[in-house]
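Asker:
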Amino acid sequence: MISHHTALIYVMVLVSAADSDMTDAEFSTIGEIVTHLPVFRDFEVNNLPSVAASCGELLQGDNGLDTALDLIKGALPARLCETAYALACDVVASDGQASQEELRMLEMLRHRINVDRLVAAAIERGARARYTAAMES
Numbered sequence: 693m694i695s696h697h698t699a700l701i702y703v704m705v706l707v708s709a710a711d712s713d714m715t716d717a718e719f720s721t722i723g724e725i726v727t728h729l730p731v732f733r734d735f736e737v738n739n740l741p742s743v744a745a746s747c748g749e750l751l752q753g754d755n756g757l758d759t760a761l762d763l764i765k766g767a768l769p770a771r772l773c774e775t776a777y778a779l780a781c782d783v784v785a786s787d788g789q790a791s792q793e794e795l796r797m798l799e800m801l802r803h804r805i806n807v808d809r810l811v812a813a814a815i816e817r818g819a820r821a822r823y824t825a826a827m828e829s
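Set out below in structure tokens:
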């Protein structure tokens, strides 16, 4: 069993790695989230690289994605499922583009951790609003 902190980090790594292109913006967003959000208040931020690496190693194994999703589901209390989905959406939105692979991963995650479709749509819209670049004049 993994901790809820590890599960939340796995969620962010999963969506970032979904298109096989973990961008600097995505890495930066993950770091900022872990450093600043209250849900990570009691997480030792120096452990972030090793937790992210363990997710990467897990994904390389047989049935790695299903195993990771099962671990995430098992570790997250119901009250953190929407939080997990919101963090995933923020990571996807952070580089200004959502690939089809990332969108598919969000859908898989939403189903696995039982986030309602309408709730997910609201979370997605919020992420899009937060990460929309200002128009150049």
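Okay, so the sequence shown: first residue is 693 according to this note's numbering, each after it adds one. Cβ coordinates follow ideal geometry from the N, Cα and C atoms, glycine included. Remember, predicted model here, so these are calculated numbers, not experimental data.
1) To the nearest angstrom, how far is it from the Cα of residue 794 to the Cα of residue 720?
2) Could you give the first and the last residue of the continuous alpha helix (DSSP H) run that contains residue 756?
3) With H, G and I counted as helix, E and B as strand and the rest as coil, what does DSSP make of residue 716?
4) May I ask you to verify whether the segment 794 to 811 touches the segment 706 to 719, counting CB pairs closer than 8 Å and requiring at least 3?
5) Given a cut-off of 7 Å, decide if residue 699 and residue 768 are closer than it, judged by their beta-carbon atoms.
6) Could you please give the first and the last residue of the uninterrupted alpha helix (DSSP H) stretch that includes residue 740?
7) Put residue 703 into one of helix, strand or coil per three-state DSSP.
8) Can you tell me the Cα-Cα spacing of residue 832 and residue 735, whole angstroms?
Answerer: Concretely, from the data shown:
1) 17 Å
2) 756 to 767
3) helix
4) yes
5) yes
6) 740 to 752
7) helix
8) The chain is shown only over 693 to 829; residue 832 falls outside these bounds and no answer can be derived.
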